[in-house]
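A.B. asks:
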Amino acid sequence: MKILIAGLVKNEQLIRLKQEGSKRGHEVEGSYTSELVIEAGNESFEPTLRGRPMAEYDLIYNWAVGKRRWEWYAAELFLKEKYATIIVNSKVVDPSYKLFLTPAMNYLKQYRQKLPFPKSVLIFSSKSIDSIIDKFKFPLIVKTSAGRQGRGVFKADSKEELVEKVSELQGTKQSVVIREFILNDGDIRVFCVGYRAIGAMRRIPKEGEFRSNISLGGKGEKFDLERYPKVKRLAEKVAKVTATEIAGVDIIIHKETGKSYILEVNPGPQFAGLEKYTKTNAALEIIKYFESLLV
Ligand SMILES: Nc1ncnc2c1ncn2[C@@H]1O[C@H](COP(=O)(O)OP(=O)(O)OP(=O)(O)O)[C@@H](O)[C@H]1O
Ligand SMILES: [Mg+2]
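Per this note's numbering, the very first residue in the sequence shown carries number 9; after that it's consecutive.
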């Protein structure tokens, strides 16, 4: 198979996918999202990459297509229709799914399926704070959809801090989510491939930090899913409900009540940390999953 990983270059995850892919006879390539070119006219429509037609690829996995996603999805929709190119996660080229690609829609799905997640409020303006503030206790979490790897997540200890933070984030024109703070001993990253949990790690924040992201100095350790079947089931279920074929599901367990909550589902999850801390061969699982899509 010829496989393209969109939005992934010079990265250890790409190196691992290339390694495991080539062992099984596949060619794995990565690209910047900016390399996409779409040539369109009445006679033809042709997405190309570095001067070559993208029809050459059997499978395209959207790792991190970011702000350019809509152009990528249009190109992929065409490739799927014309050449039966396999697109992962397939929901991005499913017209009936477009609505689900936002946090608000994920909340609606989680609510409908009764999947536990921290009480959250999505707002666009600091003016909305007064109407919701009584429903929360401090501290609470403020998150914008703009930052990845923990960079858009903040803690507010008072109303003043909350107003200041939300006003600041409002400038990005993104929605802001306010959510209840869950007392925890680190969060759990469950890695699901094809809606099956293949491994998990607990991430413990570094001293003085509340965010457990590895990129912010968090440390990982193996988390035994067999001992926590409920966490495993919850991760697999939310991956399925949000139609995320390759999913890094973040789950947080309340330190006192033991209750699990879904924090988020990442469609382009890092797995180098998981491979290191848990000896799971995530790259191989992904390649095997790609193979299963071809038949
Ligand atoms: N409600 C909460 N209670 C306690 N800690 C939280 C809560 N929400 C987030 N955190 C901490 O902050 C970290 C980052 O939050 P989150 O996973 O929502 O954002 P992110 O990692 O930046 O998102 P993305 O994966 O989209 O880049 C979590 O891993 C967790 O350690
Ligand atoms: Mg996260």
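In this text, a Cβ means the ideal position worked out from N, Cα and C, and glycines have one as well.
Please read these numbers as outputs of a predicted model, since none were measured by experiment.
Using 8 Å as the cut-off, can you tell me whether the region 115-128 makes contact with the region 166-178, which would need three or more C-beta pairs spanning the two stretches below that distance?
C.D. replies: No, because fewer than three Cβ pairs between the region 115-128 and the region 166-178 fall closer than 8 Å, the two stretches do not touch.
A.B. asks: Can you tell me whether alanine 83 is buried or exposed, with buried defined as 16 or more other CB within 10 angstroms of its CB?
C.D. replies: It counts as buried.
A.B. asks: Assign alanine 154 to buried or exposed, taking buried as 16 or more other Cβ atoms, counted over all protein chains shown, within 10 Å of its Cβ.
C.D. replies: That one is exposed.
A.B. asks: Would the C-beta of leucine 44 count as close to ligand 1, meaning under 7 Å from any of its heavy atoms?
C.D. replies: No; taking the cut-off as 7 Å, the Cβ of leucine 44 has no heavy atom of ligand 1 nearer than that.
A.B. asks: Looking at leucine 271 and ligand 2, is the gap between the Cβ and the nearest heavy atom below 7 Å?
C.D. replies: Indeed, a heavy atom of ligand 2 lies less than 7 Å from the Cβ.
A.B. asks: Please name the residue, chosen from Thr265, Leu87, Asn221, Gln21, that lies closest to alanine 291 on a Cα-to-Cα basis.
C.D. replies: Ranking the options by Cα distance to alanine 291, first place goes to Gln21.
A.B. asks: If contacts are defined as beta-carbon pairs under 8 Å, then valine 185 and leucine 130 qualify, I think. What distance do you get, rounded to the angstrom?
C.D. replies: Contact flag correct, Cβ pair sits at about 5 Å.
A.B. asks: Taking the alpha carbon of leucine 271 as the reference point, which residue from Lys31, Val246, Glu172 has its own alpha carbon closest?
C.D. replies: Nearest of Lys31, Val246, Glu172 to leucine 271, Cα basis: Val246.
A.B. asks: Could you compute how far the alpha carbon of leucine 87 sits from the alpha carbon of serine 104?
C.D. replies: Whole-angstrom Cα-Cα distance: 18 Å.
A.B. asks: Under a Cβ-count criterion, where at least 16 other Cβ atoms within 10 Å of its own Cβ denotes burial, should proline 55 be classed as buried or exposed?
C.D. replies: The residue is buried, with at least 16 neighbouring Cβ atoms inside 10 Å.
A.B. asks: Find out if the Cβ-Cβ distance for the pair arginine 219, valine 161 is shorter than 8 Å.
C.D. replies: Yes.
A.B. asks: With a CB to CB cut of under 7 Å and the five nearest residues on each side skipped, what residues in its chain are close to lysine 230?
C.D. replies: Excluding positions up to five away in sequence, the list reads Met209, Tyr285, Thr286.
A.B. asks: So what does DSSP say about alanine 154, is it helix, strand or coil?
C.D. replies: Coil at alanine 154, not helix or strand.
A.B. asks: What does DSSP give as the partner residues of arginine 210 in its beta bridges?
C.D. replies: Ile196, Glu229, per the DSSP bridge assignment.
A.B. asks: How long is the line joining the alpha carbons of valine 150 and glutamate 64, rounded to whole angstroms?
C.D. replies: Straight-line Cα distance between these residues: approximately 43 Å.
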